[in-house]
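Protein chains: 2
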Amino acid sequence: MPGEFEFIEWIRQQQRPSDSVLLGSGDDLAILKWPDDPLILVGVDQVLDGVHFDSARHDPRSVGRKVMNRNLSDCAAMAALPAAAVATAAFPAGTSLHDAQELYRGLDDAARIFDCPIVGGDTASWPGKLVVTVTILARTGALPPLRRDGAKPGDSIFVTGSLGGSILGRHMTFQPRIQLARDLAANWPISAMIDISDGLSRDLAHIARQSHVAAVIDAAAVPIHPDANVPRSAGRTPLQHALHDGEDYELLFTAPRCDHPEVHRIGTIIPGDGVFIERDAQRQPLPPLGWEHAL
Amino acid sequence: MPGEFEFIEWIRQQQRPSDSVLLGSGDDLAILKWPDDPLILVGVDQVLDGVHFDSARHDPRSVGRKVMNRNLSDCAAMAALPAAAVATAAFPAGTSLHDAQELYRGLDDAARIFDCPIVGGDTASWPGKLVVTVTILARTGALPPLRRDGAKPGDSIFVTGSLGGSILGRHMTFQPRIQLARDLAANWPISAMIDISDGLSRDLAHIARQSHVAAVIDAAAVPIHPDANVPRSAGRTPLQHALHDGEDYELLFTAPRCDHPEVHRIGTIIPGDGVFIERDAQRQPLPPLGWEHAL
Chain A
6 MPGEFEFIEW IRQQQRPSDS VLLGSGDDLA ILKWPDDPLI LVGVDQVLDG
56 VHFDSARHDP RSVGRKVMNR NLSDCAAMAA LPAAAVATAA FPAGTSLHDA
106 QELYRGLDDA ARIFDCPIVG GDTASWPGKL VVTVTILART GALPPLRRDG
156 AKPGDSIFVT GSLGGSILGR HMTFQPRIQL ARDLAANWPI SAMIDISDGL
206 SRDLAHIARQ SHVAAVIDAA AVPIHPDANV PRSAGRTPLQ HALHDGEDYE
256 LLFTAPRCDH PEVHRIGTII PGDGVFIERD AQRQPLPPLG WEHAL
Chain B
6 MPGEFEFIEW IRQQQRPSDS VLLGSGDDLA ILKWPDDPLI LVGVDQVLDG
56 VHFDSARHDP RSVGRKVMNR NLSDCAAMAA LPAAAVATAA FPAGTSLHDA
106 QELYRGLDDA ARIFDCPIVG GDTASWPGKL VVTVTILART GALPPLRRDG
156 AKPGDSIFVT GSLGGSILGR HMTFQPRIQL ARDLAANWPI SAMIDISDGL
206 SRDLAHIARQ SHVAAVIDAA AVPIHPDANV PRSAGRTPLQ HALHDGEDYE
256 LLFTAPRCDH PEVHRIGTII PGDGVFIERD AQRQPLPPLG WEHAL
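Next up, the structure:
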């Protein structure tokens, strides 16, 4: 990329003053002042051109938004508050300064909504395709983090929103459910939570396996997004899209009860292991097909 | 990559118990218990096949070691103690489980020396070449972080070790100077510090610019590594290799004084701006050629 140092200098100028950032981009490491909380949550996510997005169809700003939002959705899944992020980009040789700036703007578009400063990063150019990673630091904000391993027999299974067909566009434009997750964690006895990235069937299997329980989905109760009615591959029903497509970035959680108006009860946790689906009083195993990164 | 889920499960089994890791890989975010210190240092670094290493010549374990050590060297540059790391890998389609495990082992080889747990990550496979990133969290360990912006006129300029020709092998095998940096920070009035990754000329320019001072290198005092005597490109003298090659991962710092036995005094900070080199009482500007990612 021509102007790599110019780009780095430009990024420094984008940083907004923040009480929590003692030293931002431009040194070997950033220095953060952490609130009075002994816990730090941390995670990282990458997006690859041709796998998680398609540079022929998705502009750099959308790509930046997506990778930041994937990380913010991980914060939602723990009911945590984003605190700071660092990012890397491997740019294809010949990337314009404008496109690099647009990528950064996309990252920042998503992060600033949650008051999450981007405090550092690393860029390089290479003959390969665009790779972007974001690492996010989060804080508990006085709510205990919601893990995947606490589901108990007798709990109900809930999802927010509706599922399926995100490939038609929502996988690029979703909004991380941070406020909703905080609201749920503060007001209901949530026992386990995850965000739906790999697909309901696979992500529910994560909860079941890590909690040492089984999960039974009520087929009639799964909220199906209108996009799931436009099959992208022959032979899948809208319900199958809702169960397996992934990249919905909705919350999937278990709790003895929850009557929040934005959530749907879709099933029950029972003793045992595995994920099952029940239809007309028939119970069958539901293999975790998940999302296979097809665009 | 065949066996991606098997690989992720294997990584979980590699994690060693740690008092500071309440929840490691396997949830949406890891949860760390931070020591009683309000500061968190954070940085990220990526390595790209064909740019920072060559997969035809460098085995996956060496690549893993290198990317972790680059991050650990950033901790050294701040005189900070590594606390935890997260990593991503974009594997070329067809990467064997063995090679993926070797990459992880390389990351862990480097991190465990500094008792730095790897607490999370993200993997995917794609048609492109190998990309690895590491994000590191560090703590001050009761020493103030050493920044780039504190150099003062009258300070001397010091380096550890000797420089040049790292491309012959040391760029893959260097040891981050964390203990030495801690020793220096605890016992001498260091005003600015950086690790030499881009090259002495360019990294000294970072200190000079960020400190609003000029730097004068005494050509006769630059410690030249034996590898710098084997020119890899026509026309560069050993001194030029030492000044510009980069990837030495030695410490470059300024202080009013330092008589540590492992450091070399190579110049002086003066008022003004820019980097100069002095030879036979002749002072000339030293353009920051730096390292241009050529293998």
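Sequence lines, in order, name chains A and B. Its first residue numbered 6, the first sequence is counted upward by one per residue in our numbering. Its first residue numbered 6, the second sequence is counted upward by one per residue in our numbering. No residue lacks a Cβ here, since even glycine has one placed at the ideal position from N, Cα and C.
Query                                                                                                                                                                                                : Result
Starting from T93(B), trace the beta strand (DSSP E) both ways and give me its first and last residue.                                                                                               : 86-97
Just to confirm before moving on: does the CB-CB distance between T259(A) and S206(A) stay below 8 angstroms?                                                                                        : no
Look up L148(B) in the DSSP assignment and say whether it is helix, strand or coil.                                                                                                                  : coil
What residues from chain B crowd round L46(A), counting only those whose CB sits closer than 8 angstroms?                                                                                            : L34, A35, I36, L37
Going by DSSP, what residues sit across from G272(B) in a beta bridge?                                                                                                                               : I162(B), I222(B)
Is there a C-beta anywhere in chain B that falls below 8 angstroms from the one on A105(A)?                                                                                                          : no
Could you compute how far the alpha carbon of L152(A) sits from the alpha carbon of L248(A)?                                                                                                         : Reading off the sequence, residue 152(A) comes out as Arg, not Leu. Using only the alpha carbons, I get a separation of about 22 angstroms.
Which bits of chain A does Q215(B) rub up against, with CB to CB less than 9 angstroms?                                                                                                              : G31, D32
Quick one: which unbroken beta strand (DSSP E) runs of 3-plus residues sit fully inside the segment 14-47 of chain B? Chain order, please.                                                           : 26-28, 35-38
Rounded to a whole number of angstroms, what is the C-alpha to C-alpha distance between A84(A) and V280(A)?                                                                                          : 24 angstroms
Use the C-beta contact count for S78(A): other C-beta atoms within 10 angstroms, 16 or more gives buried, fewer gives exposed.                                                                       : buried
Which chain B residues are close to T140(A), counting only those with a beta carbon under 7 angstroms from its beta carbon?                                                                          : V49, V91, T140
Could you name the residues of the segment 47-73 of chain B whose beta carbon sits closer than 7 angstroms to any beta carbon of chain A, in the order they occur along the chain?                   : V47, G48, V49, D50, Q51, L53, G55, V56
Let me see if you follow: with CB-CB separation under 8 angstroms, is V136(B) close to chain A or not?                                                                                               : yes
Assess, as a yes-or-no matter, whether the segment 263-273 of chain B is touched by the segment 149-168 of chain B under the definition of 3 or more beta carbon pairs within less than 8 angstroms. : yes
Looking at the structure shown, is G125(B) part of a helix, part of a strand, or coil, going by DSSP?                                                                                                : strand
Go ahead and label G48(B) buried or exposed: buried means 16 or more other beta carbons lie within 10 angstroms of its beta carbon, across all protein chains shown.                                 : buried
Compute the beta-carbon to beta-carbon distance between Y254(A) and D208(A), rounded to the nearest angstrom, for a pair I have assumed lies under 8 angstroms.                                      : Rounded, the Cβ-Cβ distance is 11 angstroms, inconsistent with contact.
Around the C-beta of T242(B), are 16 or more other C-beta atoms found within 10 angstroms, so that it is buried, or is it exposed?                                                                   : exposed
Could you pull the start and end residues of the alpha helix (DSSP H) that V72(B) belongs to?                                                                                                        : 65-83
So, helix, strand or coil for L257(B), using DSSP?                                                                                                                                                   : strand
Looking at chain A, is there any beta carbon in it that lies within less than 8 angstroms of the beta carbon of I271(B)?                                                                             : no
For F281(B), does the three-state DSSP call read helix, strand or coil?                                                                                                                              : strand
Quick test of the definition: if touching needs 3 or more C-beta pairs under 8 angstroms, does the segment 121-130 of chain A touch the segment 86-96 of chain A?                                    : yes
When DSSP labels each residue in this structure, what does F179(A) get in the three-state scheme?                                                                                                    : coil
Could you name the residues of the segment 149-173 of chain B whose beta carbon sits closer than 8 angstroms to any beta carbon of chain A, in the order they occur along the chain?                 : P150, R152, R153, D154
May I ask which residues mark the beginning and end of the beta strand (DSSP E) holding I172(B)?                                                                                                     : Here I172(B) belongs to no beta strand (DSSP E), and DSSP marks it neither H nor E.
Quick one: does C80(A) have its CB under 8 angstroms from some CB of chain B?                                                                                                                        : yes
What residue does the alpha helix (DSSP H) around P243(B) start on, and which one ends it?                                                                                                           : 243-249
Under 8 angstroms, Cβ to Cβ, is there at least one residue of chain A near L28(B)?                                                                                                                   : yes
Going along chain B in order, which residues have a C-beta closer than 8 angstroms to the C-beta of M177(A)?                                                                                         : Here the premise fails: no neighbours, minimum Cβ distance about 17 angstroms.
Just the Cα atoms here: how many angstroms apart are R284(A) and E267(A)?                                                                                                                            : 24 angstroms
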